[in-house]
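S.K.:
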Amino acid sequence: MPSGNVIRGARVGSAPMRPDERHQPAPRQDVTYWCRNDHRIDIRIAADAEAPALWDCPRCGLPAGRDALNPPGRVRAEPYKSHLAYVKERRTAEEGEALLAEALAALRRRRGE
């Protein structure tokens with residue numbers, strides 16, 4: 369059973385229900401993108417910002433472009449690389465041997481060998 373001293377439509381600490389007169393929204397522009405699956409993506413960005421060339425489609429995940437008649441194709445997936453593959457890209461075999469020898473020497477020092 370509701371009591372008679374409840375203020376309806378408000379919560380404790382809320383601001384008065386009136387439009388905010390203290391600021392103006394920043395100027396914006398509408399930008400439309402299309403993906404290969406004919407999904408249309410409408411976004412709003414700041415008027416002074418440059419719109420990106422590609423945007424990821426939120427429905428299918430494919431890249432979307434500004435040209436409706438010629439949307440971008442699927443981005444080629446990068447093959448999986450292990451941690452060792454990335455290390456081999458950064459280091460030569462000689463550098464790897466030197467690092468391994470240094471790490472083994474530090475381990476032997478800690479063990480008291």
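Numbering (my numbering), first residue to last: 369 to 481. C-beta atoms are modelled at their ideal positions from N, C-alpha and C, and glycine is treated no differently. As the structure is a computational prediction, the values presented were derived from the model and not from experiment.
1) DSSP state of arginine 396, grouped into three classes?
2) What residues match up with glycine 433 in a beta bridge as DSSP calls it?
3) Please confirm if the region 419 to 426 is in contact with the region 446 to 455, defined as three or more CB-CB distances below 8 Å between the two stretches.
4) Go to arginine 479, then tell me how far its alpha helix (DSSP H) extends in each direction, as first and last residue.
5) Compute the distance between the beta-carbons of proline 431 and proline 420, then report whether it is under 8 Å.
6) Report back the beta-carbon spacing between proline 395 and alanine 415 to the nearest angstrom; my notes put them in contact at under 8 Å.
7) Considering Cα atoms alone, identify which of Asp406, Ala473, Gln392 is closest to arginine 437.
8) In terms of DSSP beta bridges, what is arginine 412 paired with?
M.R.: The answer reads as follows:
1) Looking up residue 396 in the sequence shown gives position 28. When secondary structure is reduced to three states using DSSP, arginine 396 falls in the strand class.
2) Counted from its first residue, the sequence shown places residue 433 at position 65. Glycine 433 pairs with Trp402.
3) No: the two stretches stay apart, fewer than three of their Cβ pairs being nearer than 8 Å.
4) Residue numbering aside, residue 479 sits at position 111 when the sequence shown is read from its first letter. Membership of arginine 479 in the alpha helix (DSSP H) is indicated by the continuous run 461 to 479.
5) On the sequence shown, residue 431 is found 63 positions in, with the first residue counted as 1. On the sequence shown, residue 420 is found 52 positions in, with the first residue counted as 1. Contact flag unset, no.
6) For this step, residue 395 is matched to residue 27 along the sequence shown. For this step, residue 415 is matched to residue 47 along the sequence shown. A Cβ-Cβ separation of about 4 Å places proline 395 in contact with alanine 415 under the 8 Å criterion.
7) Here residue 437 refers to the residue found at position 69 of the sequence shown. Residue identity check: residue 437 is leucine in the sequence provided, not arginine. Considering only alpha carbons, the answer is Asp406.
8) Here the question's residue 412 lines up with position 44 in the sequence shown. Arginine 412 is bridged to Asp398.
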